[in-house]
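Mapping of the sequence shown onto full-length UniProt numbering: position 45 corresponds to residue 45, and the numbering continues sequentially without gaps. Glycine included, each C-beta is placed from N, C-alpha and C at the ideal position. Report on the structure given below.
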Amino acid sequence: LDIAVANRWSFDLVILLGYGNGTFARLTIDLNGTTPWFVAAVDLNNDHQLDMIIADGYVEIGILLGYGNGTFADLITYSSTFDPKSVAIGDFNHDNRLDFVVANSRSDSLAIFMGCANQAFQRKTTLTTGMGSQPQSLVVGDFNLDKNMDIAVVNSGTNTISIFLGYGNLLFAQQINVSTGSQSSSYALAAGDFNNDNIPDIVIAIQDSNYVGIFLGYGNGSFIYQNLYSTGFGSHPYSLTVSDFNNDNLLDIAVANRGTNNIAVFIGFGNGSFTKETVFSIGYGSLPFVLIASDFNDDKKMDLVVANEGTDSVNIFLQSC
């Protein structure tokens, strides 16, 4: 597995090409002035090669179509209004082509782009998250079990999660708002089935009060606030990821804490509850920004990679037991 890192102020992406043993070779892609804030890898054009989608944090989304050898075609850009912060991928209209949704923080909106037959994308729908909502992180899933893709987005400005239930035709129902608590200032969320009822649940990082919050889904697009788990005093959790870190077929949670420069891992019991956190230090002044889980050394155990804004570095944590 490889790793893509967005370097906002050097206007480039760094691709770490994995050897399969936890070590990597470095490749840099110049973005010619584009300032990447967010990057994700996915096969956007069904050619079985990974492509990259970039949000620049200003007004544009960029697409890099991959050749499968670590190189990419020229950057293609699309306008997405103000402050695109994150992107989530899904097929919103059942045409077997991937579409994507963008969270535009300063315009309090989501933009839906439809995948077209010519490898291009067309902006189709704009969803409003509410005045001053400042949408941040997105996930796509079937939250009401109707086989249509829905959207969940966490709003740091209004302390809510907005749920948009999809009709399967690039149109969505009026948002359902779920409170995340007063002054929670959440910037990250993820989805997974935390209580093994085959219904998607949601976890958020609650930055200002130093918790992660679990929301269990009812299967109709609504959620109940299940529990809070402390990430530590002054931790300010900023990014999180969901995976099975102990190979028990139950989902766990890992959180990157900017305030304490560490990672907290919560092991799931499979009933919507979790252990107390286990903490791994990243290093003084690291200011972790993005956390991802994957198996980087082919040992069938999930590892962690964290991008650090404070030290302009990436830390890779390989499981040793």
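As summarised for the stretch 84-143, the continuous beta strand (DSSP E) elements at least 3 residues long and confined to that stretch are 84-90, 99-104, 109-115, 121-128, 135-141, given in chain order. M302 and M114 have their C-alpha atoms roughly 32 Å apart. Looking at the DSSP output, S230 bridges to Y211.
Here F245 is actually not in contact with I214; their C-beta atoms are around 17 Å apart, not less than 8 Å.
Two segments are said to touch when three or more pairs of C-beta atoms, one from each, lie closer than 8 Å; by this definition the stretch 213-232 touches the stretch 177-197. Non-local beta-carbon contacts of S286 in its own chain, meaning distances under 6 Å to residues more than five positions away in sequence, involve N261, N308, G310, T311 in chain order.
Excluding sequence positions up to five before and after K124, its CB lies within less than 6 Å of the CB of I112, M114, L170, all in the same chain and listed in chain order. The beta carbon of A4 sits closer than 7 Å to the beta carbons of L13, I15, V39, A41, M52 from its chain, once the five residues preceding and following it are set aside; these are given in chain order. Relative to the Cα of D295, the nearest Cα in the group Q122, E60, Y19 belongs to Y19. 9 Å or more divides the Cβ of A254 from the Cβ of A191. Judged by DSSP secondary structure, A307 falls within the beta strand (DSSP E) whose first and last residues are 303-308. In the three-state DSSP reduction, M149 falls in the coil class, being neither helix nor strand. Cβ-Cβ separation between I199 and L145: approximately 7 Å, consistent with a contact (criterion under 8 Å). Counting the other Cβ atoms within 10 Å of the Cβ of G234 gives fewer than 16, which makes it exposed.
Under the DSSP assignment, A205 falls in the beta strand (DSSP E) whose first and last residues are 201-206.
Your pair L64 and A73 checks out as a contact, with CB atoms roughly 7 Å apart and the cut at 8 Å.
In the three-state DSSP reduction, N297 falls in the coil class, being neither helix nor strand. Apart from the 5 residues on each side of it in sequence, G270 sits with its Cβ closer than 6 Å to the Cβ of N196, L250 in its chain, given in chain order. Three or more pairs of CB atoms, one per stretch, sit closer than 8 Å, so the stretch 130-139 contacts the stretch 83-91. For F72, no beta strand (DSSP E) segment is defined, and its DSSP state is neither H nor E. The residues G132, S133, Q134, in chain order, have a CB closer than 7 Å to that of G157 in the same chain once the five nearest residues on each side in sequence are set aside. Among the bridge pairs identified by DSSP, E60 is matched with S79.
Ranked by Cα distance from D43, the options F92, R97, I76 are led by R97.
By the CB criterion at 9 Å, F274 and G268 fall inside the cutoff.
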